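Engineer:
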Ligand code: NAD
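In our numbering, the protein residues as written are 612 to 909.
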């Protein structure tokens with residue numbers, strides 16, 4: 612069934628996601644503050660509205676893909692009054708779990724319905740419509756959003772009630788951040804012990820050290836030809852985004868009294884790396900910082 616979708620935030624992720632909805636036959640009315648994002652989306656068949664307010668008027672579903680929870684809550688304050696009663700608001704941004712729950716509350720208090728549906732898969736997944744969506748909200752809201760999310764992704768998981776999608780996203784990325792640091796430390800330790808990258812890879816990838824950070828995004832060049840380490844750590848998954856997700860996980864852990872010692876430490880390490888050498892690098896490049904701080908051995 613063709614829907615009228617307001618899509619607000621047409622950046623690196625939102626632009627190609629909106630384009631995939633157009634390809635699937637939906638009428639997409641998009642808005643972004645940046646002229647370049649508006650022009651790129653228009654070239655892919657998105658009908659550009661001159662404001663968020665105008666984009667949502669008459670829309671069946673409103674999708675947002677914005678940088679932070681503050682952006683989402685500020686936008687909701689401005690546009691909730693302009694949407695028709697019962698419009699479904701789907702926020703795909705990665706934001707704080709608490710902000711996601713506040714967004715749900717404000718949407719429902721205004722007579723709307725809401726779902727949080729953050730993604731993993733990056734810009735490549737957004738372009739290829741192979742994203743994974745992690746959704747939080749009611750069964751009816753999930754059922755209504757599911758066909759739209761499937762047009763932009765390969766996997767759509769209903770994780771639970773309001774905020775559960777964001778919770779799944781930050782828990783997963785906390786595992787990923789910690790495991791990338793662990794894999795990087797193991798390679799640098801191996802170097803200091805005279806162990807070749809390939810030998811460590813051949814053992815760990817088939818043993819209990821196996822993980823995505825090793826076998827897909829291997830932080831040293833060689834063993835996994837497609838990993839960003841083979842192209843001077845061009846992202847991939849940019850280190851500042853990993854730092855952002857780990858900060859969200861750390862906030863949630865601290866707020867909930869969870870003793871996530873490695874998660875908190877990973878957030879600190881990625882914050883420092885993303886502000887320095889990692890500003891434009893894939894998050895696997897943290898191995899170079901570990902090596903440098905170890906005295907550049909061997
Ligand atoms: P981006 O900065 O490229 O896009 C965000 C867009 O929102 C920008 O174009 C900006 O102009 C627009 N914007 C901000 N405020 C607005 C407003 N009030 N009205 C209209 N437009 C507004 O960011 P991105 O990489 O597309 O990421 C978007 C979200 O997706 C973030 O929450 C990010 O954490 C998450 N995410 C990104 C990736 C990735 O690989 N880039 C992967 C997974 C999740």
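Where a beta carbon is used, it is the ideal one built from N, C-alpha and C, also for glycine. A quick note: this is a predicted structure, and the numbers were derived from the prediction, not measured.
#1: So, under 8 Å CB-CB, residue 694 and residue 657 are touching, yes? Tell me the CB distance rounded to an integer number of Å.
#2: Which same chain residues end up closer than 6 Å to residue 652 when comparing Cβ atoms and leaving out the 5 residues on each side of it in sequence?
#3: Whole angstroms is fine: what's the gap from residue 847's alpha carbon to residue 659's?
#4: Starting from residue 674, trace the beta strand (DSSP E) in both directions and tell me its first and last residue.
#5: Could you tell me which uninterrupted beta strand (DSSP E) segments, each at least 3 residues in length, are contained entirely in the stretch 724 to 761, listed from first to last along the chain?
#6: Taking only heavy atoms of the ligand NAD into account, decide whether any of them is closer than 7 Å to the Cβ of residue 678.
#7: Cβ atoms of residue 793 and residue 811: under 8 Å apart, would you say?
#8: Based on the DSSP secondary-structure assignment, which residues constitute the bridge partners of residue 659?
#9: CB-CB under 7 Å to residue 841, same chain, minus the five flanking residues each way: which ones, in chain order?
#10: Report the residue from 708, 639, 673, 699 whose alpha carbon sits nearest the alpha carbon of residue 866.
#11: Could you compute how far the alpha carbon of residue 769 sits from the alpha carbon of residue 804?
#12: According to DSSP, simplified to helix, strand and coil, what is residue 768?
Structural biologist: Reading it off the structure:
#1: The residue you call residue 694 lines up with position 83 of the chain shown. The residue you call residue 657 lines up with position 46 of the chain shown. In fact, because the Cβ distance is near 18 Å, the residues do not count as touching under 8 Å.
#2: As a position in the chain shown, residue 652 is number 41, starting the count at 1. The beta carbon of residue 652 is closer than 6 Å to those of 621, 626, 629, 641 in its chain, skipping five residues each way along the sequence.
#3: Reading the chain shown from its first residue, position 236 is the one you call residue 847. Reading the chain shown from its first residue, position 48 is the one you call residue 659. Their Cα atoms are separated by approximately 29 Å.
#4: In the chain shown, residue 674 corresponds to position 63, counting from 1. Taken as a continuous stretch (DSSP letters only), the beta strand (DSSP E) holding residue 674 covers 672 to 675.
#5: Fully enclosed beta strand (DSSP E) runs of no fewer than 3 residues occupy 724 to 727, 742 to 747 of the stretch 724 to 761, in order along the chain.
#6: Residue mapping note: residue 678 aligns to position 67 of the chain shown, counting from 1. The ligand NAD has a heavy atom closer than 7 Å to the beta-carbon of residue 678.
#7: Numbered from 1 along the chain shown, position 200 holds the residue referred to as residue 811. Numbered from 1 along the chain shown, position 182 holds the residue referred to as residue 793. Contact flag unset, no.
#8: Looking up residue 659 in the chain shown gives position 48. The partner list for residue 659 (beta bridge, DSSP) reads 641.
#9: For the purposes of this step, residue 841 is taken as the residue at position 230 of the chain shown. Contacts found: 832.
#10: Position 255 of the chain shown, counting from 1, holds the residue named residue 866. Nearest option by C-alpha distance: 708.
#11: Within the chain shown, residue 769 is the residue found at index 158, counting from 1. Within the chain shown, residue 804 is the residue found at index 193, counting from 1. When rounded, the distance between both Cα atoms is 45 Å.
#12: If you number the chain shown from 1, residue 768 lands on position 157. Residue state, collapsed to three classes: strand.
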